[in-house]
Amino acid sequence: MFNKFLKNWNRKKLKDKKYDFLFDEPLNNEYVCLDCETTGLSPRKDEILSIGAVHIKDNKVIMRETFNIFVKPSKNISAESIKIHHIRPIDLENAVSPKKAILKLLDFIGSRPIVGYYIKFDIAMISKYTKQYIGINLPNESIEVSSMFFKSKKKTSEYEFIDLKFDTIMKELDIPSLGKHDALNDAIMTSMMFLKLRNLTPAKTTFYTS
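Residue numbers are given in full-length UniProt numbering: position 196 of the sequence shown equals residue 196, and the series is strictly consecutive.
This is the structure we're talking about:
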């Protein structure tokens, strides 16, 4: 009940009714998995440099339906930042404006639930821009693969440590590595995690509202 009220209240704040489709009922068994490379880990002060996303439908990663875009930052990226995201100034020569990137992303996402690894951070980063451009935070439901992995593990006690690092989950699920620090590759690998985990624990898939 509260989630429905929150959704309707958020919908009323939408500045551009063209994006009303974000609030539609999502199609059954369709998701979008996304990943962002950013200048840092603060949604408040850092910026998105690239976004990769892919559609998931009927237990398949739809490789013909991918989204991969570089985003022009407001200032030069630092050497320290490059060590983290591995995106160089030359990679951003043909980058598009944040507004163009985000609005194209919204068309790609639609009303689908968003799958990701520590996805709340990515959604917080994207919402910083959507708030500015269309007046609202990204309203889509989200699914966290690290939570799915945690729930899939049989623990001997409630105090047992479960390693939730990306590489650990990849290894345990026998997912092939496509290369790190590439937003689209990360989104594809996370999609494969999601599908394996959903088959392991179909009743435990958890949805979060942003």
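Backbone N, C-alpha and C fix where the C-beta goes; we use that ideal spot for every residue, glycine too.
According to DSSP, which residues form a beta bridge with residue i?
{"i": "Thr38", "result": "Ile48"}
{"i": "Asn68", "result": "Gly52"}
{"i": "Glu25", "result": "None; Glu25 has no bridge partner."}
{"i": "Glu93", "result": "Answer by DSSP bridge pairing: none, since Glu93 is not bridged."}
Are the beta-carbon atoms of residue i and residue j separated by less than 8 Å?
{"i": "Leu173", "j": "Met148", "result": "no"}
{"i": "Ile69", "j": "Tyr31", "result": "no"}
{"i": "Ile114", "j": "Leu34", "result": "yes"}
{"i": "Lys72", "j": "Pro98", "result": "yes"}
{"i": "Ser146", "j": "Tyr118", "result": "yes"}
{"i": "Phe150", "j": "Ile134", "result": "no"}
{"i": "Asp85", "j": "Leu41", "result": "Rather than Asp, the amino acid found at residue 85 in this sequence is His. No, these two residues do not count as a Cβ contact at 8 Å."}
{"i": "Arg11", "j": "Phe23", "result": "yes"}
What number of angstroms, rounded off, separates the C-alpha of residue i from the C-alpha of residue j?
{"i": "Lys15", "j": "Ser111", "result": "17 Å"}
{"i": "Ser152", "j": "Leu164", "result": "12 Å"}
{"i": "Arg88", "j": "Asp167", "result": "24 Å"}
{"i": "Ala187", "j": "Asn59", "result": "15 Å"}
{"i": "Lys171", "j": "Cys36", "result": "22 Å"}
{"i": "Asn8", "j": "Glu25", "result": "13 Å"}
{"i": "Asn199", "j": "Ser177", "result": "20 Å"}
{"i": "Gly52", "j": "Asn185", "result": "7 Å"}
{"i": "Lys104", "j": "Glu160", "result": "43 Å"}
How about the stretch 128 to 145 and the stretch 97 to 115: do they share at least three Cβ pairs that are nearer than 8 Å?
-> The stretch 128 to 145 vs the stretch 97 to 115: in contact.
Curious, which full-length beta strand (DSSP E) runs of at least 3 residues does the stretch 123 to 207 contain?
-> If we require 3 residues or more, the beta strand (DSSP E) runs fully inside the stretch 123 to 207 come out as 141 to 144.
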